[in-house]
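A short worksheet on the structure shown next.
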Amino acid sequence: MLTVTDNARTAVQDLAQQAGVPVEGGLRIAQASGQPGNFELALVPAPQPDDQVVDASGSTNVFVEAQAAPALETLTLDTDPGAEGPGFVLTPTA
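Here the sequence shown stands for residues 1 to 94, numbered as in the UniProt record's numbering.
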């Protein structure tokens, strides 16, 4: 299952609060349509019925689309220190 770092949890929480996402909402990771191997990240008010809840630690929720879950199971979601503004990166789990 996808691993979420503490830095990513904090970033998701901050972004969700700034965007006014409800408590049951969070960050959703899904396969990019028409782009195999690429993923789309979006703040959502609630998970889709078939989403996996990867991280639900208090006010931080990370959801993974069922179709994307196999590709993400050995990856870690972290913040991207090189990004201008909030950014995330997926890296192999150590």
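No residue lacks a Cβ here, since even glycine has one placed at the ideal position from N, Cα and C.
**Prompt:** Which partner residues does residue 26 have in the DSSP bridge list?
**Reply:** As a first step, residue 26 must be located in the sequence shown, where it is residue number 26. Looking at the DSSP assignment, residue 26 forms a beta bridge with 44.
**Request:** Counting only the same chain and skipping the five closest in sequence on each side, list residues whose C-beta sits under 8 Å from that of residue 63.
**Result:** Residue mapping note: residue 63 aligns to position 63 of the sequence shown, counting from 1. For residue 63, where only same-chain residues beyond five positions count, the Cβ hits under 8 Å are 26, 27, 28, 29, 44, 47, 48, 51, 52, 53, 54.
**Prompt:** Would the beta-carbon of residue 31 fall within 9 Å of that of residue 8?
**Reply:** Stepping through the sequence shown from its first residue, residue 31 is reached at position 31. Stepping through the sequence shown from its first residue, residue 8 is reached at position 8. Contact flag unset, no.
**Cβ neighbours of residue 84 in the same chain (closer than 8 Å, five flanking residues each side left out)** = The residue you call residue 84 lines up with position 84 of the sequence shown. Nothing meets the Cβ criterion.
**Request:** Alpha carbon to alpha carbon, how far is residue 91 from residue 34? Give it in angstroms, no decimals.
**Result:** Sequence index remark: in the sequence shown, residue 34 carries index 34 (1-based). Sequence index remark: in the sequence shown, residue 91 carries index 91 (1-based). Rounded to whole angstroms, residue 34 and residue 91 show a C-alpha spacing of 22 Å.
**Item:** First and last residue of the uninterrupted alpha helix (DSSP H) at residue 15
**Value:** Counting from 1 along the sequence shown, the entry for residue 15 is found at position 15. From DSSP, the alpha helix (DSSP H) with residue 15 extends over 6-19.
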